[in-house]
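Visitor: Sharing a structure with you now.
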């Protein structure tokens, strides 16, 4: 596999120099410290950007803008936020390590509860015992309002009142009267209603924020369905971005070790959870594909990368390269089940698209984001900024890349419609994993376009490239 080192671009050309002169006086030295960064970005984009033809003429651009504003001013309409620019930081920003969604309390117009939607590993939130599916009811003894919500992000140590979502029966306090066929009155009893409530479970102490670094693999689980031969592996893979070379090797080795454990356990079905996977490095996509595909498909074409006409010499095929396994194993699976959401994007979508010619791919959840291109990171040593422009389109072996509107799931489920099953990732009763298990067991059949949404029923489970090329 050909590896190209990260590129460093100096200023490639002098753009709109006439705008930097006044009354015949050369003021380049005066203006360059203010415009050099934007001029470098402009020069870079006109060479490597997939849609470079759409960049406005230099004499119409403002080179005195902040990096993100300048980049936005030159992007193509085809670029739906795929290209980015970020400052270079040695350590991640301090964080509590959890995400949440606010729900308004039914009895108040100004009070909320916060549903915990994600808890990062090795974070203050995990130290506090927070779990996905918890509800935050109070912060430091106060209700959550638009004002007190700031305490959930301001960084200080906090005390949180936690609750859980439960279904209870609401007793009917009376019946209705009606006439019988004989003209007699009788009371018609109404059935008790089932309602969902947030039930307090206690307080937790949330430590102050600190830098949080996450692994690509968030969680794994191995599930045996009782009374069947279905041995299922679950992998919550949250990012194909491997970070430094050392991190890349570490995370890829974790993936290889997972494949070895699957082989040892005799796994015959695998559920990939991509609901929080927003993309990453193409080499990681190839490695995971090598683990999943039928064995006889190894060394077959996997993807085709197509650059702009200035960079067409880089157009090339990627293969299902067995050499990438390096201690991992191929699982020889005919089908893979993938949990998706609206934030499933980039490299995760590339994997879906490029596996489709070789195996059955079943999607469960919500429509993916629709990022069908790849970016690459460029750094100029003069400036502490990294620019990641779209550099190529990514096609599968059939020449297909028709998912700009995202991949629609085979079984569409909005997990927030099943709050009693909004649980930590990897729990067999968590609604999306539970549905995947039902599909594997044949309890839920995949719908055809005319059959509509599948019905969820219950059953019992037994727990048992290139570096730097980012798929968007």
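Residue numbers (the working numbering): 427 to 898.
Every residue gets a Cβ at the ideal spot worked out from N, C-alpha and C, and that includes glycine.
Keep in mind the model is a prediction, meaning the values are calculated, not measured.
1) Locate the beta strand (DSSP E) running through residue 784, then write down its first and last residues.
2) Distance check for residue 726 and residue 760, CA to CA, integer angstroms please.
3) Given this structure, state the Cα-to-Cα distance separating residue 446 from residue 532, to the nearest angstrom.
4) Tell me whether residue 777 is buried or exposed, calling it buried when 16 or more other Cβ atoms sit within 10 Å of its Cβ.
5) CA-CA distance, residue 545 and residue 551?
6) Give a single yes or no on whether residue 830 has its beta carbon closer than 6 angstroms to a heavy atom of the ligand MN.
7) Tell me the DSSP secondary structure of residue 865 in three-state form.
8) Going by Cα to Cα distance, which pick from 819, 695, 739 is closest to residue 786?
9) For the region 657-675 and the region 698-713, state whether three or more C-beta atom pairs, one from each stretch, are separated by less than 8 angstroms.
10) Evaluate the contact criterion for the region 808-825 versus the region 500-515: three or more CB pairs, one atom per stretch, below 8 angstroms.
11) Using a threshold of 7 angstroms, state whether the C-beta atoms of residue 798 and residue 829 are closer than that.
12) Return helix, strand or coil for residue 845, following the three-state DSSP convention.
13) Taking the runs of the beta strand (DSSP E) that are 3 residues or longer, which of them lie wholly in the region 675-703?
14) Quick check on DSSP: helix, strand or coil for residue 798?
15) Determine the contact status of residue 698 and residue 661, defining contact as a CB-CB distance below 7 angstroms.
16) State buried or exposed for residue 579, treating a residue as buried only when at least 16 other CB atoms are found within 10 Å of its CB.
17) So what does DSSP say about residue 466, is it helix, strand or coil?
18) Over the uninterrupted beta strand (DSSP E) stretch that includes residue 709, give me the two end residues.
19) How would you call residue 868, buried or exposed, if buried means at least 16 neighbouring beta carbons within 10 angstroms?
20) What's the gap between the Cα of residue 806 and the Cα of residue 503?
21) Under 7 angstroms, do residue 730 and residue 746 count as touching if we go by C-beta distance?
22) So what does DSSP say about residue 490, is it helix, strand or coil?
23) Per DSSP, what are the beta-bridge partners of residue 625 in this structure?
24) Determine the closest residue to residue 792 out of 658, 701, 808, 628, with distance taken between C-alpha atoms.
25) Does the Cβ-Cβ distance between residue 625 and residue 589 come in under 7 angstroms?
26) Is the CB of residue 758 under 7 angstroms away from at least one CB in chain D?
27) If I follow the unbroken alpha helix (DSSP H) through residue 552, where does it start and stop?
28) Apply the 10 Å Cβ neighbour rule to residue 854 and answer buried if 16 or more other Cβ atoms are within range, or exposed otherwise.
29) If you reduce the DSSP assignment to three classes, tell me which class residue 749 lands in.
30) Work out the CA separation of residue 751 and residue 822 for me, nearest whole Å.
31) Just the C-alpha distance for residue 856 and residue 870, rounded to the nearest angstrom, thanks.
32) If we count the other Cβ atoms within 10 Å of its Cβ and call it buried at 16 or more, is residue 686 buried or exposed?
33) Is it the case that the region 671-687 contacts the region 618-637, given that we only count it when at least three CB pairs across the two stretches are under 8 angstroms?
34) Apply the 10 Å Cβ neighbour rule to residue 768 and answer buried if 16 or more other Cβ atoms are within range, or exposed otherwise.
35) Nearest CA to the CA of residue 800: which residue from 794, 809, 818?
36) Alpha carbon to alpha carbon, how far is residue 481 from residue 473? Give it in angstroms, no decimals.
Guide: Taking the geometry as given:
1) Counting along the chain, residue 784 sits inside no beta strand (DSSP E), nor does DSSP assign it H or E at all.
2) Rounded to the nearest whole angstrom, the CA to CA distance from residue 760 to residue 726 is 16 angstroms.
3) At residue 446, the pLDDT of 41 sits below 50, so the modelled position is not reliable; the number obtained from the coordinates is stated separately. When rounded, the distance between both Cα atoms is 60 angstroms.
4) So residue 777 counts as buried.
5) It is roughly 6 angstroms from the alpha-carbon of residue 545 to the alpha-carbon of residue 551.
6) For the ligand MN, the structure offers nothing, since it holds no ligand at all.
7) In the structure shown, the three-state DSSP call for residue 865 is helix.
8) Comparing alpha-carbon positions, the option among 819, 695, 739 lying closest to residue 786 turns out to be 695.
9) The region 698-713 and the region 657-675 touch, with three or more beta-carbon pairs separated by less than 8 angstroms.
10) Between the region 808-825 and the region 500-515, the count of Cβ pairs shorter than 8 angstroms is three or higher; the stretches touch.
11) Closer than 7 angstroms, so yes.
12) Correct three-state label for residue 845: helix.
13) Within the region 675-703, the complete beta strand (DSSP E) runs of at least 3 residues are 695-699.
14) Residue state, collapsed to three classes: coil.
15) Contact flag set, yes.
16) Residue 579 is exposed by the Cβ-count criterion.
17) In the structure shown, residue 466 sits in a helix (DSSP, three-state: H, G or I).
18) Careful: residue 709 lies outside any beta strand (DSSP E), inside the alpha helix (DSSP H) at 708-718.
19) Exposed.
20) So the alpha carbons of these two residues sit roughly 26 angstroms apart.
21) Taking 7 angstroms as the Cβ cut-off, residue 730 and residue 746 do not qualify as a contacting pair.
22) Looking at residue 490 - three-state DSSP - the assignment turns out to be coil, as it is neither helix nor strand.
23) When DSSP reads this structure, residue 625 sits in a beta bridge with 590.
24) Residue 701 is the option with its Cα nearest to residue 792.
25) Cβ distance < 7 angstroms, so residue 625 and residue 589 count as in contact.
26) Of the protein chains in this structure there is only one, and it is not chain D.
27) Counted as a single uninterrupted DSSP element, the alpha helix (DSSP H) harbouring residue 552 occupies residues 550-554.
28) With a threshold of 16 other beta carbon atoms within 10 Å, residue 854 meets it and is buried.
29) Residue 749 falls in the helix class under three-state DSSP.
30) Each residue's alpha carbon lies about 21 angstroms from the other.
31) In a straight line, the C-alpha of residue 856 is about 16 angstroms away from that of residue 870.
32) Residue environment for residue 686: exposed (fewer than 16 other C-beta atoms within 10 angstroms of its C-beta).
33) With a cut-off of 8 angstroms, the region 671-687 and the region 618-637 do not count as touching, because too few Cβ pairs lie within range.
34) Exposed.
35) Cα-wise, what sits closest to residue 800 is 818.
36) Per the coordinates, the alpha-carbon of residue 473 lies some 11 angstroms from the alpha-carbon of residue 481.
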